[in-house]
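Written below as structure tokens is the structure these notes are about.
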Amino acid sequence: MSDQATLSDNDAGMITRVEELGYELKISQVMTTNVVTFSPDMTMLEALNLIQHHRISGAPVTMNGEVVGIVSTEDLIRALRDGRIDRKVSDYMSKNLITAKATDKVVEALRIFAKKNVGRLPILDENNKLVGLLTKGDITNGLLDALQRDYQAEEVKRYRASHLFEDIESDRTSLILRYRIIKDDFLHGGAASNHIKRALLRLGADRQVARRCGIAVYEAEMNLIIHTNNGGFLRVEIEPHKITMEAYDDGPGIDDVEKALTPGFSTASEEVRNKGFGAGMGLVNIRACVDEMTIKTSKESGTNLYMTIYLDKPKN
Amino acid sequence: MKVTEVIAISKGTLLTPDVNLDREIQGGFSGDLMSDVLASVQAEAVLITGLCNPQVVRTALIADVRLIIFARGKKPGEDILNLAIDENLPIAASPLGLYEISGRLTQAGLPSYEMEMNLFPKD
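Residue numbers (the numbering used here), protein chains in the order written: chain A, 466 to 781; chain B, 26 to 148.
Have a look at this one:
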């Protein structure tokens, strides 16, 4: 091991989901937002009463929204020991302020807690105004909530599906999804494409790839709904190295493919446009999303649209 | 910007109270034509639209949109809301128009997430 900063695949596999979450979650997502605050002119006795009333162990001291100090139970004990509980908060508060930003990741706060001997961090927005308070307990709760959300069915399904290709041995494995698209069925328009996108994500596809496939196949799906005589079919073949999508119908064919590929050119009816479609961007969008697009079309046999995305070469 | 902030600035009302509101909104996109949305919205944006049908939700899901605001007082029906709730996508409605909402959000510091389209593509 020459370079300790480099993370090997093996090490990466050892990183737990909790650690990952520390890098994903922002402090704003786990902090307490309804923060009890003290004013510097309050007496320590008033602060003590607030602490008991709210069942907290300390609070930031603010002036005009800005944090000027922090009072913990230890400071209260000091005031009590001195017999000076009637003194002002500003006399006993700790002025050595350690704060964090709401937009920082949780891992940042964990680092501070590990390094500095503090129990709570005032959290500031970009204008240095107090927007929350963070304790280690908040982080634990936030991580637990996130984990719980994570472990819902979707994650489990994704994990299972992403191992599909590894578990099956053949000379060439592929998974084929087929959908029948009904003419004028605007109510379900886009449903098949969303199923396809989700399937890709479950299979472990990169988010960008899933999005590009989703957009391409959505446009193709809407074309089948809007422009065909009798609807048509979507067929998606997923292989470890590429995704091939095909939309086919039995007519009426595209009159002028060159024109259909012009941004803004549309043959859609007023009714279709009122539904938000027929912008004349369908094939243009598809071409922008896929690596290869081929159209075979004729009045007699209808249109076949082939779209391919290669998984080993990222686009854009 | 937080989902709740974006809604407040847009004078909107959240219509899907139980969905996850924690995801950060990175930018904005306004439009009524769903193909335009697919063509040029970047991921993690708020979609502001005057179109009100289930395709808006499906388009948003495909394009990784994180919040939909229906503008000009359009109120989405239950079919639309249920679809969004199933997919954990927050939806709000605002009495303001697209221009007004976009302006307010831009002023509040939310950038445009509309990609520029080439007027004269070469290929």
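A virtual CB, placed ideally from N, CA and C, is assigned to each residue, including glycine.
- prompt: Quick one, which of Arg625(A), Asp777(A), Thr638(A), Leu726(A) has its alpha-carbon nearest Ile760(A)'s?
  reply: As a position in the first sequence, residue 760(A) is number 295, starting the count at 1. Comparing Cα-Cα distances from Ile760(A) to each of Arg625(A), Asp777(A), Thr638(A), Leu726(A), the minimum goes to Leu726(A).
task: Would you verify that the beta carbon of Lys662(A) is, or is not, closer than 8 Å to some beta carbon of chain B?
output: By one-based count along the first sequence, residue 662(A) stands at place 197. Taking Cβ atoms only, chain B reaches closer than 8 Å to Lys662(A), which makes this a yes.
field: Selection from Ala744(A), Gly767(A), Gln517(A) that minimises the alpha carbon distance to Ser65(B)
entry: Along the second sequence, one-based indexing puts residue 65(B) at 40. Among Ala744(A), Gly767(A), Gln517(A), the Cα nearest to that of Ser65(B) is on Ala744(A).
query: Going by the CB atoms, is the gap between Glu69(B) and Gln80(B) shorter than 8 Å?
result: Numbered from its first residue, the second sequence carries residue 80(B) at position 55. Numbered from its first residue, the second sequence carries residue 69(B) at position 44. In this structure, Glu69(B) does not lie closer than 8 Å to Gln80(B) by Cβ.
message: With the cut-off set at 8 Å, would you say Met507(A) and Val583(A) are in Cβ contact?
response: For the purposes of this step, residue 507(A) is taken as residue 42 along the first sequence, with counting starting at 1. For the purposes of this step, residue 583(A) is taken as residue 118 along the first sequence, with counting starting at 1. Not closer than 8 Å, so no.
task: Use the C-beta contact count for Pro101(B): other C-beta atoms within 10 angstroms, 16 or more gives buried, fewer gives exposed.
output: Within the second sequence, numbered from 1, the residue matching residue 101(B) stands at position 76. Its Cβ being crowded by 16 or more others within 10 Å, Pro101(B) is buried.
- request: Mind listing the chain A neighbours of Asn78(B)? Cutoff is C-beta to C-beta under 8 Å, in chain order.
  value: Locating residue 78(B) in the second sequence gives position 53, where the first residue counts as 1. Here the neighbours are Phe651, Lys740, Gly741.
- prompt: Can you give, in chain order, each stretch of the alpha helix (DSSP H) that sits fully within the region 686-740 of chain A and has at least 4 residues?
  reply: 722-725, 735-739
task: Find out if the Cβ-Cβ distance for the pair Glu684(A), Ile751(A) is shorter than 8 Å.
output: Locating residue 684(A) in the first sequence gives position 219, counting from the first residue. Locating residue 751(A) in the first sequence gives position 286, counting from the first residue. Going by C-beta atoms, Glu684(A) is nearer than 8 Å to Ile751(A).
message: If distances are taken between C-alpha atoms only, which option among Leu40(B), Gly134(B), Thr74(B) comes closest to Arg97(B)?
response: Taking the first residue of the second sequence as 1, we reach residue 97(B) at position 72. Looking at the Cα atoms, Thr74(B) is the closest of the given residues.
message: Determine, for Ser149(B), whether the minimum Cβ-Cβ distance to residues of chain A falls below 8 Å.
response: Outside the shown range of chain B, which is 26 to 148, sits residue 149(B), and nothing can be said about it.
- prompt: What first and last residue would you give for the beta strand (DSSP E) that runs through Lys761(A)?
  reply: Within the first sequence, numbered from 1, the residue matching residue 761(A) stands at position 296. First-last of the beta strand (DSSP E) with Lys761(A): 757-763.
query: Would you call Ser493(A) buried or exposed, if buried means 16 or more other Cβ atoms sit within 10 Å of its Cβ?
result: Stepping through the first sequence from its first residue, residue 493(A) is reached at position 28. Looking at its Cβ environment, which holds 16 or more other Cβ atoms inside 10 Å, Ser493(A) is buried.
task: Give the C-beta separation of Thr768(A) and Ile690(A) to the nearest angstrom, bearing in mind that I take them to be a contact with Cβ-Cβ under 8 Å.
output: On the first sequence, residue 768(A) is found 303 positions in, with the first residue counted as 1. On the first sequence, residue 690(A) is found 225 positions in, with the first residue counted as 1. 14 Å between Cβ atoms; not a contact.
query: Pick from Glu489(A), Tyr771(A), Ile680(A): whose alpha carbon is nearest that of Arg700(A)?
result: On the first sequence, residue 700(A) is found 235 positions in, with the first residue counted as 1. Selected option, being the one with the closest Cα: Tyr771(A).
task: Could you please give the first and the last residue of the uninterrupted alpha helix (DSSP H) stretch that includes Arg667(A)?
output: To locate residue 667(A), count along the first sequence from 1; it is residue 202. Segment 656-667, the alpha helix (DSSP H) holding Arg667(A).
- prompt: How about Val168(B) and Leu46(B): do their beta carbons lie closer than 8 Å?
  reply: Nothing about residue 168(B) can be read from this structure; chain B reaches only from 26 to 148.
- prompt: Counting along the chain, where does the beta strand (DSSP E) carrying Met509(A) start and finish?
  reply: Numbered from its first residue, the first sequence carries residue 509(A) at position 44. That residue, Met509(A), is in no beta strand (DSSP E); its alpha helix (DSSP H) goes 509-519.
task: Name, going along the chain, the residues of the region 746-764 of chain A whose beta-carbon falls closer than 8 Å to a beta-carbon of chain B.
output: Met746, Gly747, Val749, Asn750, Ala753
task: Out of Pro728(A), Met758(A), Val755(A), point me to the one whose CA is closest to Met746(A)'s CA.
output: Taking the first residue of the first sequence as position 1, residue 746(A) is located at position 281. The option with the nearest alpha carbon to Met746(A) is Pro728(A).
query: If you compare alpha carbons, which of His692(A), Phe503(A), Glu489(A), Leu668(A) is closest to Ser639(A)?
result: For this step, residue 639(A) is matched to residue 174 along the first sequence. The candidate whose alpha carbon is nearest that of Ser639(A) is Leu668(A).
field: Sequence-distant residues of its chain with Cβ nearer than 8 Å to Gly655(A) (five each side left out)
entry: Numbered from 1 along the first sequence, position 190 holds the residue referred to as residue 655(A). Excluding residues within five positions, the ones whose Cβ falls inside 8 Å are Tyr683, Glu686, Met687.
message: Please give the ranges of any alpha helix (DSSP H) in the region 571-618 of chain A, keeping only runs that are unbroken, at least 4 residues long and fully inside the region.
response: 571-580, 601-615
query: Would you call the region 597-610 of chain A and the region 629-644 of chain A in contact, with 3 or more CB pairs under 8 Å?
result: no
task: Compare the beta carbon distance of Ile87(B) and Ile116(B) with 8 Å and say whether it is the shorter of the two.
output: In the second sequence, residue 87(B) corresponds to position 62, counting from 1. In the second sequence, residue 116(B) corresponds to position 91, counting from 1. Cβ distance not < 8 Å, so Ile87(B) and Ile116(B) don't count as in contact.
Neighbourhood of Tyr713(A) by C-beta distance below 8 Å, restricted to the same chain and skipping five residues each side: Residue 713(A) sits at position 248 when you count from the first residue of the first sequence. Counting only Cβ-Cβ distances below 8 Å, and skipping sequence neighbours, we find Gly697, Phe698, Arg700, Gly767, Thr768, Asn769, Leu770.
query: In this structure, does DSSP put Met59(B) in helix, strand or coil?
result: As a first step, residue 59(B) must be located in the second sequence, where it is residue number 34. Helix.
query: Helix, strand or coil: how does DSSP classify Ile492(A) here?
result: Here residue 492(A) refers to the residue found at position 27 when the first sequence is read from its first residue. Ile492(A) falls in the helix class under three-state DSSP.
task: Kindly say whether Gly679(A), judged by its beta-carbon, lies nearer than 8 Å to any beta-carbon of chain B.
output: Translated into positions along the first sequence, residue 679(A) becomes position 214. Chain B contact via Cβ: present.
- request: Using a Cβ cut-off of 8 Å, pull out every chain A residue sitting near Leu63(B), in sequence order please.
  value: Residue mapping note: residue 63(B) aligns to position 38 of the second sequence, counting from 1. Simply Ile680, Tyr683, Glu684, Met746, Asn750.
field: For Asp636(A) and Thr762(A), the rounded distance between their alpha carbons
entry: Taking the first sequence and counting its residues from 1, one reaches residue 762(A) at position 297. Taking the first sequence and counting its residues from 1, one reaches residue 636(A) at position 171. Whole-angstrom Cα-Cα distance: 33 Å.
message: Against Gln517(A), what residues of chain D qualify as contacts under a CB-to-CB distance less than 8 Å, listed in chain order?
response: Looking at the structure shown, chain D is missing, and the protein chains on hand are A and B.
message: Residues of chain B with CB closer than 9 Å to the CB of Arg676(A), please, in chain order.
response: On the first sequence, residue 676(A) is found 211 positions in, with the first residue counted as 1. Correct list: Ala68, Ile87, Ala88, Asp89.
message: Can you tell me whether Glu711(A) is buried or exposed? The criterion is at least 16 other CB atoms within 10 Å of its CB, across all chains shown.
response: Stepping through the first sequence from its first residue, residue 711(A) is reached at position 246. With 16 or more other Cβ atoms within 10 Å, it is buried.
Boundaries of the beta strand (DSSP E) in which Ser537(A) is found, first to last residue: Counting from 1 along the first sequence, the entry for residue 537(A) is found at position 72. It spans 531-537 - the beta strand (DSSP E) in which Ser537(A) sits, taken as one unbroken run.
- prompt: Would the C-beta of Asp61(B) count as close to the ligand SAH, meaning under 7 Å from any of its heavy atoms?
  reply: As for the ligand SAH, it is missing from this structure, which has no ligand bound.
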